[in-house]
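Heads up: the sequence shown begins at -13 in our numbering, then just goes up one per residue.
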Amino acid sequence: MSLSLFLSFFFLLHPLVLAQLAENQRSIMLNLPHLLNISSSPWDVTKEPNPCLWQGVTCGDPPKNSSIISLSLYGFGLSSSDFLSEVCRIDSLRSLNLSNNNLESISDGFFNSCGGIDGLKVLDFSSNRLVGPLPAFRNFVGLEVLDLSFNNLNGEINSQLSQLVSLKSLNLSANRFIGSVPTQLGKPSVLEQLQLSKNLFHGKIPVELLAYMNLTLIDLSDNNLTGSIPVAIGSLSKLRFLLLSHNGLTGEIPKSISNIITLQRFAANQNNFVGEVPVGITRYIKILDLSYNNLSGLIPSDLLSQSSLQHVDLSYNLLKGTIPERMSSSLVRLRLGSNFLNGSIPTTLTKLQNLAYLELENNSFSGSIPPELGACQNLSLLNLAQNNITGTLPAELGHLTKLQVMKLQQNKLGGQIPPEITQLQSLGILNISWNHLGGPIPSSISNLKKLTNMNLQSNNLVGFIPVSLGDLNLLLELNLGGNNLIIPPPQVIQGNLLTANGIHRSNIDFNKAMEAVASTENIVLKTRFSTYYKAIMPSGTSYFVKKLSWSDKLFQLGSHDKFEQELQVLGRLSNSNVMIPLAYVLTVDSAYLFYEYAAKGTLYDILHGSAKDALDWASRYSIAVGVAQGLAFLHGCTSSPILLLDLSSKNIMLRSLKEPQVADIELYKVIDPSKSTGSLSTVAGSVGYIPPEYAYTMRVTMAGNVYSFGVILLELLTGKPAVSEGTELAKWVLRNSMQQNNLDRILDFNISKTSLAARNQMLAVLKVAVACVSASPEARPKMKSVLRMLLNAR
């Protein structure tokens, strides 16, 4: 952001001109396209002979001849920097942007040549593949902006940057630097912006940094820093942004921070700070984030009242007491969840017209929801879950036309669901479960066309489930269990057995199955395209009955005959690691498929639920091999490969802790991605499992399945879900697997520590997983090869 701002002002004074270049610079530019060593250069001399008009080239105002002042080769696909010695012959160059390429090193020719350009002020090598230690920048006496962020540079930083006497902005974020936070960064009186986030720096925040009195931005977030924040930090009188998130910092928050009159944002979340929130800390601040610490005591009475305050996040601390009554009308987001706060919800909240996010979940708030909250017209997220809130659900909440998320679960709300709630046209998530709500579900619930998740379970709701729920085409998860709701059994048009197994043929009773699916009590799993019911047959044998809704516009096989033909093919398959349909029932608006019952549920439930400790490495390895065998079988079907539209740990069923089965094999045959709005990634796959290429294609592929399987492998290896706190597991692993000494950090320590043999086998499987989640589809192995590699890791 800072670099863009710098360039905007910088080149405002130097508009593009149409005059011809001086002959020496024109000769250099005409030679450059041949030196870039890329397949297709955007610079074409035959189409445009004047280099000043080329993409990324900026020329200055000429007295006689024009000269080049800026070159941007952003995203040119460069893999070699050898051409830079030629670029550095342009002595008028003031800015050089080589970001978003594939450079692995910076050539010596660059340092030997470009260091002599006194006017070079901006240098950007961000988002490349640079490796090795930080180079020494000598002779770059005029350089003001240096950006090497998002590379793979490593080692310690000592005096490599000490000679950059004009340096104002330094960005080394997202690399692999180690050691202490560097303090030799040009002249202390000059540096204004320091960004070192997402590295491996350790130790304390050095007091030497406080000598850089002109700093406006310090970003040390996402490192391994320890110790406390220096009290003298308050002496940085020009500081606007102080970002220390996601470290191991301890001690109390210094009160001196409240003395920095220029400070706009202070983020110290995800550390180990203790003590109380300092009085006056938001005196000048707009954004404060101290979440995920161990702060205790009361919230200062002045904390929320500062006039320009916009965002406050104190969630996941040990705070107690009530919410201060005085609040700034500028507040946009207030997060106080997961503390020990009590009292009622302040009525002053209802006067905050700019408030968009109110998150007070998991506290001990009591009293009722203020009806006046309906006046907060900009509110888009309301989370009051897991408190002791009583009273009724105010009808006035139906005035929140921008509300997208309403979470009120696990309170003591009574009365009925007001029909006004169904006026919330933007609502995507509605969770009012585990309350004391009674009466019927309003039939107008179908007005909530954007609803994707609705949870009304464990209330006292009665009456019929509205048939109109079937019109909610975006609904992915629905939970109505634990109520007294009624639904008539679906009327069977046709039912057929697919299996030749005599035991299954004698056990399956279609009428008994339809009775089971008539009750929400029998729902065991809800996925994006289907609902799983548990049906107990007269013989006592349990089966899964999976419901597919014909009303979903994405289903391409509206014809019963076509659907039957596909099921007949699937029913003839035989593999112990594939969940194969045994029978089906067709109704007017739905199809019901019968499967063997998997007593252990889904891999996701076991791996990320309360029973995860029971899943030792032997079981995880057996599951990995079993799923690989199932996928290799499906990909190798002789008639045509069977692909998985949505492959995740949620559709890996477990008959036992060592017997996985791949489910939902029929979805690829019955879902039509072309009927989706947007890319394939909006239909195929779950977040965290979707391969990158699905963002721009409409075709499910074997390589895409391999990527999703790789994510499942990573779940088994790390114990982490596919997405955690907004970070995709695959990306996290790829970033951390670049260095050998980080591999053990990736593995689930509770599993890898059990034995050296388990650790070594996990490391071998990790190599397989990393290959599977390669960003390039062509680089991923076939499932047959994946299976072989897993077996070799035994």
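C-beta: ideal position from N, C-alpha, C; glycine also.
- For residue 440, the enclosing beta strand (DSSP E) begins and ends at 439 to 441.
- Closest by C-alpha distance to residue 391, out of 370, 402, 366, 407, is 366.
- With respect to the C-alpha of residue 195, the residue from 55, 209, 219 having the closest C-alpha is 219.
- Unbroken beta strand (DSSP E) runs of no fewer than 3 residues, entirely contained in the stretch 426 to 464, are found at 439 to 441, 446 to 450, following chain order.
- With distances taken between CA atoms, residue 526 lies nearest to 494 out of 345, 776, 145, 494.
- Inter-residue distance for residue 88 and residue 62 is about 9 angstroms (C-alpha atoms, whole angstroms).
- For residue 253, the CB contacts under 6 angstroms within the same chain, skipping 5 residues up- and downstream, are 229, 231, 275 in chain order.
- Separation of residue 361 and residue 383 (C-alpha to C-alpha, rounded to the nearest whole angstrom) is 8 angstroms.
- Shown here for residue 618: same chain residues with a beta carbon closer than 7 angstroms to its own, the five before and five after excluded, namely 769, 770, 773 in chain order.
- Its Cα nearest to that of residue 324, the residue 350 stands out among 455, 512, 402, 350.
- The shortest C-alpha to C-alpha distance from residue 464 to any of 502, 515, 312 is the one to 515.
- Put simply, the stretch 601 to 610 touches the stretch 636 to 651. At least three CB pairs are less than 8 angstroms apart.
- DSSP, reduced to helix, strand and coil, places residue 254 outside both helices and strands of the structure shown, so it counts as coil.
- Between the stretch 433 to 444 and the stretch 453 to 469, the count of Cβ pairs shorter than 8 angstroms is three or higher; the stretches touch.
- For residue 19, the enclosing alpha helix (DSSP H) starts and ends at 9 to 21.
- A buried status is given to residue 272, since no fewer than 16 other beta-carbon atoms sit within 10 Å of its beta-carbon.
- By alpha-carbon distance to residue 590, the top candidate from 709, 490, 258 is 709.
- The C-beta distance from residue 203 to residue 171 rounds to 13 angstroms, too long to fall under 8 angstroms, and the pair is not in contact.
- The bridge partners DSSP lists for residue 297 are 273, 319.
- Pairing residue 270 with residue 285 gives a Cβ-Cβ distance that is not under 9 angstroms.
- Here residue 449 is exposed: its Cβ has fewer than 16 other Cβ atoms, across all protein chains shown, within 10 Å.
- C-alpha of residue 414 to C-alpha of residue 436: approximately 5 angstroms in a straight line.
- In the three-state scheme derived from DSSP, where H, G and I count as helix and E and B as strand, residue 726 is classed as helix.
- With distances taken between CA atoms, residue 227 lies nearest to 180 out of 371, 180, 259.
- Scanning its chain for C-beta atoms nearer than 8 angstroms, with the 5 sequence neighbours on each side dropped, one finds around residue 250 the residues 226, 227, 270, 271, 272, 273, in chain order.
- Membership of residue 261 in any beta strand (DSSP E) is not indicated, and neither H nor E is assigned to it by DSSP.
- If you draw a 10 Å sphere on the C-beta of residue 457, you find fewer than 16 other C-beta atoms in it, and that means exposed.
- Cβ-Cβ separation between residue 699 and residue 758: approximately 7 angstroms, consistent with a contact (criterion under 8 angstroms).
- In its chain, beyond the 5 residues on either side, 443, 444, 506, 507, 509 have a beta carbon closer than 8 angstroms to the beta carbon of residue 467.
- Proximity to residue 626 across 119, 555, 763 peaks at 555, based on C-alpha coordinates.
- In this structure, DSSP gives residue 683 a state outside helix and strand, which the three-state scheme calls coil.
- A straight-line Cα-Cα distance of about 54 angstroms links residue 393 and residue 29.
- For residue 184, no beta strand (DSSP E) run applies, since DSSP gives it neither H nor E.
- At a Cβ-Cβ threshold of 9 angstroms, residue 690 and residue 763 count as neighbours.
- Annotation for residue 746: the continuous alpha helix (DSSP H) segment containing it runs 742 to 758.
- Between residue 212 and the set 512, 166, 221, the nearest pair of CA atoms involves 166.
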